[in-house]
Amino acid sequence: MSRVLVVEDEAHIAQGLRFNLEAEGYSAEVVGDGESATDRLLKKKEIFDAVVLDIMLPGKDGFAVVAELRAAHNYVPVLMLTARGRPQDVLRGFASGADDYLPKPFDLSILLARLQGLLRRSAWLRAPHHSQPDASRSEPRIPEEFETYSFEGKVIDFAKLELRAHDTVIQLTLMESELLRHLISNDGRVVSRKQILEEVWGLHEDTDTRAIDNFVVRLRRYIEDDPAEPRHLLTVRGVGYRFIAHPAKK
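Once you know that position 82 of the sequence shown is 888 in my numbering, the rest is easy, because the numbers rise by one and skip nothing.
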């Protein structure tokens, strides 16, 4: 039985989620603020299989909660609930380390489907040798050729969400990994910011694409020997970015 922590300060929503999650066979527990969530997950080190996390919380908000979890190397899957699905909230949530998002008000069946997807993916990552998942699952799996990817002394393990470079292991967030995989799969081709918003993060609204630039700055710190003079992750002014695995030597 999967154990889910619901972090929601609106009592009627929280209790409704707990009731419906338990009806679906989950073990669900509720806290009403961010401090209680981090206390249980980090201080008490309680084990949950997933967290449903509202952004708007009293005191410590959802962004701070997920950022604190990731800083402590706690990678429990987090489904973030956002007010009206504002793109800036979604991108900030991904930047903090959230795995997926759902705008309020939400359809219960969609929330359950998103949660099941996160749990399936998490279970697959924990499986020995990443054994083949059930073919009936709706979540796309990482293509075989992209489970790991190597270039110039760096190895990206998409299954473990890790980047290994020069004896250093960097833990990637799911969205950092997804962005890298998208850029790598388009090696040598220009990828527009609009394409990243739509194909990587599922956002179809106009939003401030500078949030993508912030992600790229962080990825450059991971993969470039000199982030100020990038060789692999290049900016195409006014359009987007281009990944080059093996740039010509100067």
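Where a beta carbon is used, it is the ideal one built from N, C-alpha and C, also for glycine.
Given residue i as reference, the closest of the options once Cα atoms are compared
i	options	result
Asn826	Arg987, Ser915, Arg995, His1038	Ser915
Gln834	Ala971, Asp913, Lys1000, Leu918	In the sequence under discussion, the amino acid at residue 834 is Ala, which differs from the Gln named in the question. Ala834 has its Cα closest to that of Leu918, out of Ala971, Asp913, Lys1000, Leu918.
Phe900	Lys1055, Leu985, Tyr1028, Lys1000	Leu985
Leu886	Gly831, Gly865, Ala877, Phe912	Checking the displayed sequence, the identity of residue 886 turns out to be Met instead of Leu. Looking at the Cα atoms, Phe912 is the closest of the given residues.
Glu828	Asp906, Ile819, Ser808, Arg995	Ser808
Asp867	Arg898, Leu1009, Phe1049	Arg898
Ala965	Arg987, Ala971, Glu958, Phe957	Arg987
Asn880	Ile861, Phe854, Val896	Phe854
Gly865	Lys851, Ser842, Gln894, Lys849	Ser842
Val1042	Val1022, Lys1055, Asp1031	Val1022
Arg1016	Trp1007, His818, Gln894, Lys851	Gln894
Val1006	Gly831, Ser956, Asp906, Glu852	Asp906
Bridge-paired residues (DSSP) for residue i
i	result
Gln1088	Since the displayed the chain opens at 807 and closes at 1056, residue 1088 lies outside it and no answer follows.
Glu835	Leu811
Ser956	Val961
Leu1040	Arg1048
Pro909	Thr888
Leu986	DSSP output for Leu986 lists no bridge partner at all.
Ser902	Beta-bridge pairing links Ser902 to no other residue.
Asp860	Leu887
Ser915	For Ser915, which the question treats as bridged, DSSP gives no partner whatsoever.
Ser998	Gly1046
Whole-number beta carbon distance between residue j and residue i, since they are thought to touch under 8 Å
i	j	result
Val858	Ala904	Going by Cβ atoms, the distance from Val858 to Ala904 rounds to 11 Å, so no, they are not a contact pair.
Glu814	Thr844	Not really, about 15 Å apart at Cβ, beyond 8 Å.
Val896	Leu1009	6 Å
Arg999	Gly1046	5 Å
Leu908	Arg926	Actually they are not in contact, since the Cβ atoms of Leu908 and Arg926 sit about 17 Å apart, beyond 8 Å.
Residue j beta carbon less than 8 Å from that of residue i
i	j	result
Asp973	Ala1051	no
Asp1059	Leu863	Because the chain spans 807 through 1056 in this model, residue 1059 falls outside it and cannot be assessed.
Leu989	Gln977	no
Ile1018	Ile1029	no
Lys910	Ala877	no
Arg1048	Val997	yes
Val836	Ala820	yes
Val882	Leu847	yes
Glu958	Leu1025	no
beta-carbon residue i near the ligand ATP non-hydrogen atom, thresh 7 Å
i	result
Arg1037	Among the ligands in the structure shown, none appear at all, so the ligand ATP cannot be discussed.
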